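Q:
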Amino acid sequence: MPLTDIQRANQSYRLGTTITEHLLLCEDECPAASGQFTRLLSELIISAKLISREVNKAGLADILGMTGDVNVQGEKVVKLDEFANQALIYRMERSGLLCAMASEENADVIEVPENMPRGSYVLSFDPLDGSSNVDANASIGTIFSIHRKIEDAGCGILDNFLRYGYEQVAAGYFLYGSSTMLVYTAGKGVHGFTLDPSVGEFLLSHQNITMPERGRIYSVNEAYTDYWDERTRAVVNYFKSSKNERGKPYTARYIGALVADFHRNLLYGGIYMYPADSRDSHKPHGKLRLLCEAAPLAFIVEQAGGAASDGRQRILDIKATELHQRVPLFIGCKSDVEKAMAIMQGKV
Ligand code: AHG
Ligand code: MN
Ligand code: MN
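Counted from 1, the sequence shown has number 123 at position 123 by my numbering; the numbering is strictly sequential.
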């Protein structure tokens, strides 16, 4: 009797398909999955294991709380933000696979030093997303986006990062939740791996994740209603007052960590919104960063059959003009995002 998808997933988890094996198996279909790319992902995985280790013992190791610094975005830096940022920079600049990096926590491009081997990829990352949740032991994550460096361009130049989202070679996130997971796409579907602490490896647990056409969850910080324009309020009111495809009301879920809210909606079906608002620090584009938050998650969501928009256009069609550019974000099930866009554009 043929196995169901769930039986196959359980089997591959028990018998253990690692990410390297998974990439090797799909190398023919997935040109991005070259040996170099596989090594790049392996290095990211080691960084994430180190971060996961620190996250897991955070309450014990004087690593909770603030460093006392404020980052380039004007936000308070928590100690784990700093650890995650240092772990990624330290490991990835020694990988020999990158030529430069951009972190949410660093004002400028981080060029791989000349005395270290350089590669042909550039990496953007949010070392710790949702870090205001750390002290409460809620889920947080690391988001990454990989581009090929521009041919014949110098390593440190900004243009390597000021790109369209659709040019990404791969994107993904590590989620430090009740278990640690890696979810990634290299342009051929979205795949999830769960860290098995007893084996020390990420094993395939969610093959080919797909989103339903319409979801059942809406996620937004409604405390900002007074700062939204009329159309944004109308979008949120739509999800509050409509029935989902099962004829039931949508349900509201908001963790306050984009990566965790996104992951839940990816698996259950839903829409996450962080619209533009009129607070000084967020004007005119909201809070979330294009390069290290919106674009990588947009690549993933599209590969899972969903959509991502800034309210006017597809996130992947936006060409970055600044390293720390912010964008409004509506991301999730396709028809929910299309509905939000139609309302934002005054079409309904
Ligand atoms: P970061 O921790 O990387 O600064 O990102 C925080 C972001 C995102 O994770 C989350 O969805 C959003 O901030 C929550 O913001 P509000 O508290 O304004 O809702
Ligand atoms: Mn973030
Ligand atoms: Mn962050």
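Yeah, the Cβ is synthetic: ideal placement off N, Cα and C, and Gly gets one too.
Given the structure is predicted, the values throughout are model-derived calculations rather than measurements.
Looking at C-beta atoms only, is the number of pairs between the stretch 194 to 205 and the stretch 241 to 252 that lie closer than 8 Å three or more?
A: no
Q: Report yes if the CB atom of residue 351 is closer than 9 Å to the CB atom of residue 344, and no otherwise.
A: Because residue 351 is not part of the residues shown, which for the chain are 1 to 348, the question remains open.
Q: Taking 6 Å as the limit between beta carbons, can you name the residues of its chain near residue 325, skipping five residues before and five after?
A: Walking along the sequence shown from the start, residue 325 turns up at place 325. Closer than 6 Å at Cβ, skipping near neighbours: 290.
Q: May I ask you to report which of helix, strand or coil DSSP gives residue 53?
A: In the sequence shown, counting from the first residue as 1, residue 53 sits at position 53. In the structure shown, residue 53 sits in a helix (DSSP, three-state: H, G or I).
Q: Shorter than 8 Å, the distance from the beta carbon of residue 99 to the closest heavy atom of ligand 2, or not?
A: The residue given as residue 99 occupies position 99 in the sequence shown. Checking the Cβ of residue 99 against ligand 2 gives no.
Q: Count the other CB atoms within 10 Å of the CB of residue 286; is the residue buried (16 or more) or exposed (fewer)?
A: Start at 1 with the first residue of the sequence shown, and residue 286 comes out as number 286. Flag for residue 286 reads buried.
Q: Tell me the DSSP secondary structure of residue 204 in three-state form.
A: Here the question's residue 204 lines up with position 204 in the sequence shown. Three-state DSSP puts residue 204 in a strand.
Q: Assuming the contact rule is C-beta atoms closer than 8 Å, residue 20 and residue 42 should be a hit. Round their C-beta distance to whole Å, please.
A: Here the question's residue 20 lines up with position 20 in the sequence shown. Here the question's residue 42 lines up with position 42 in the sequence shown. With 8 Å as the limit, residue 20 and residue 42 qualify as a contact, their Cβ atoms being about 7 Å apart.
Q: Report the rounded CA-to-CA distance for residue 281 versus residue 182, giving the unit in angstroms.
A: Sequence index remark: in the sequence shown, residue 281 carries index 281 (1-based). Sequence index remark: in the sequence shown, residue 182 carries index 182 (1-based). When rounded, the distance between both Cα atoms is 31 Å.
Q: Return the residue from the list 99, 95 and 16 that minimises the CA-CA distance to residue 47.
A: Residue 47 sits at position 47 when you count from the first residue of the sequence shown. Ranking the options by Cα distance to residue 47, first place goes to 95.
Q: In whole angstroms, give me the CA-to-CA distance for residue 299 and residue 69.
A: Within the sequence shown, numbered from 1, the residue matching residue 299 stands at position 299. Within the sequence shown, numbered from 1, the residue matching residue 69 stands at position 69. Their Cα atoms are separated by approximately 32 Å.
Q: List the residues that DSSP assigns as beta-bridge partners of residue 182.
A: Here the question's residue 182 lines up with position 182 in the sequence shown. 174 and 193, per the DSSP bridge assignment.
Q: Within the continuous beta strand (DSSP E) that includes residue 148, where are the two ends?
A: Locating residue 148 in the sequence shown gives position 148, where the first residue counts as 1. Residues 140 to 148.
Q: Output the distance between the C-alpha atoms of residue 253 and residue 242, rounded to the nearest integer angstrom.
A: For the purposes of this step, residue 253 is identified with residue 253 of the sequence shown, where counting begins at 1. For the purposes of this step, residue 242 is identified with residue 242 of the sequence shown, where counting begins at 1. Their backbone Cα atoms lie some 16 Å apart in a straight line.
Q: Closer than 8 Å is the cut-off here; do at least three beta carbon pairs connect the stretch 254 to 272 with the stretch 203 to 218?
A: At 8 Å Cβ cutoff, the stretches touch.
Q: Using 9 Å as the threshold, is the C-beta distance between residue 207 and residue 121 below it?
A: Reading the sequence shown from its first residue, position 207 is the one you call residue 207. Reading the sequence shown from its first residue, position 121 is the one you call residue 121. Going by C-beta atoms, residue 207 is not nearer than 9 Å to residue 121.
Q: Taking the CB atoms as reference points, tell me whether residue 275 and residue 330 lie closer together than 9 Å.
A: By one-based count along the sequence shown, residue 275 stands at place 275. By one-based count along the sequence shown, residue 330 stands at place 330. Contact annotation: residue 275 and residue 330 have beta-carbon atoms nearer than 9 Å.
Q: Please report the residue range of the alpha helix (DSSP H) in which residue 349 lies.
A: This structure cannot speak to residue 349, because the chain is shown only from 1 to 348.
Q: Helix, strand or coil for residue 111? Go by DSSP, reduced to three states.
A: Here the question's residue 111 lines up with position 111 in the sequence shown. DSSP places residue 111 in strand when its eight states are reduced to three.
Q: Would you call the CB atoms of residue 307 and residue 185 closer than 9 Å?
A: Position 307 of the sequence shown, counted from the first residue, corresponds to residue 307. Position 185 of the sequence shown, counted from the first residue, corresponds to residue 185. The answer is no: Cβ separation not under 9 Å.
Q: Straight-line CA distance for residue 193 to residue 312?
A: Residue 193 sits at position 193 when you count from the first residue of the sequence shown. Residue 312 sits at position 312 when you count from the first residue of the sequence shown. Looking at the two C-alpha atoms, the distance is approximately 33 Å.
Q: Taking only three categories from DSSP, how would you classify residue 231?
A: The residue you call residue 231 lines up with position 231 of the sequence shown. Correct three-state label for residue 231: helix.
Q: Please state whether DSSP places residue 255 in a helix, a strand or coil.
A: Stepping through the sequence shown from its first residue, residue 255 is reached at position 255. Three-state result, residue 255: coil.
Q: Taking 8 Å as the cut-off, does the stretch 118 to 133 touch the stretch 82 to 89 (at least 3 CB pairs, one atom from each stretch)?
A: yes
Q: Assign residue 113 to one of two classes, buried (16 or more other C-beta atoms within 10 Å of its C-beta) or exposed (fewer than that).
A: To locate residue 113, count along the sequence shown from 1; it is residue 113. It is exposed - the Cβ of residue 113 has fewer than 16 other Cβ atoms within 10 Å.
Q: Under a three-way DSSP split, which group does residue 18 fall into?
A: Residue 18 sits at position 18 when you count from the first residue of the sequence shown. Strand, per DSSP.
Q: For the alpha helix (DSSP H) holding residue 296, just list the boundary residues, first then last.
A: Translated into positions along the sequence shown, residue 296 becomes position 296. Where residue 296 is concerned, the enclosing alpha helix (DSSP H) stretches over 295 to 303.
Q: Please name the residue, chosen from 273, 293 and 158, that lies closest to residue 111 on a Cα-to-Cα basis.
A: As a position in the sequence shown, residue 111 is number 111, starting the count at 1. Selected option, being the one with the closest Cα: 158.
Q: Just verifying my parser: in three-state terms, what is the DSSP assignment at residue 330?
A: Position 330 of the sequence shown holds residue 330. In this structure, residue 330 counts as strand in the three-state DSSP scheme.
Q: Let me know the secondary structure DSSP gives residue 198 once reduced to three states.
A: Numbered from 1 along the sequence shown, position 198 holds the residue referred to as residue 198. DSSP places residue 198 in coil when its eight states are reduced to three.
Q: Round the Cβ separation of residue 297 and residue 143 to the nearest angstrom and send it over; I've been treating them as touching at under 8 Å.
A: Position 297 of the sequence shown, counted from the first residue, corresponds to residue 297. Position 143 of the sequence shown, counted from the first residue, corresponds to residue 143. Right, the Cβ-Cβ distance comes to about 7 Å (below 8 Å), so this counts as a contact.
Q: Under a three-way DSSP split, which group does residue 260 fall into?
A: Here the question's residue 260 lines up with position 260 in the sequence shown. The DSSP-derived three-state label of residue 260 is helix.
Q: For residue 219, which of helix, strand or coil comes out of DSSP?
A: Counting from 1 along the sequence shown, the entry for residue 219 is found at position 219. Strand at residue 219.
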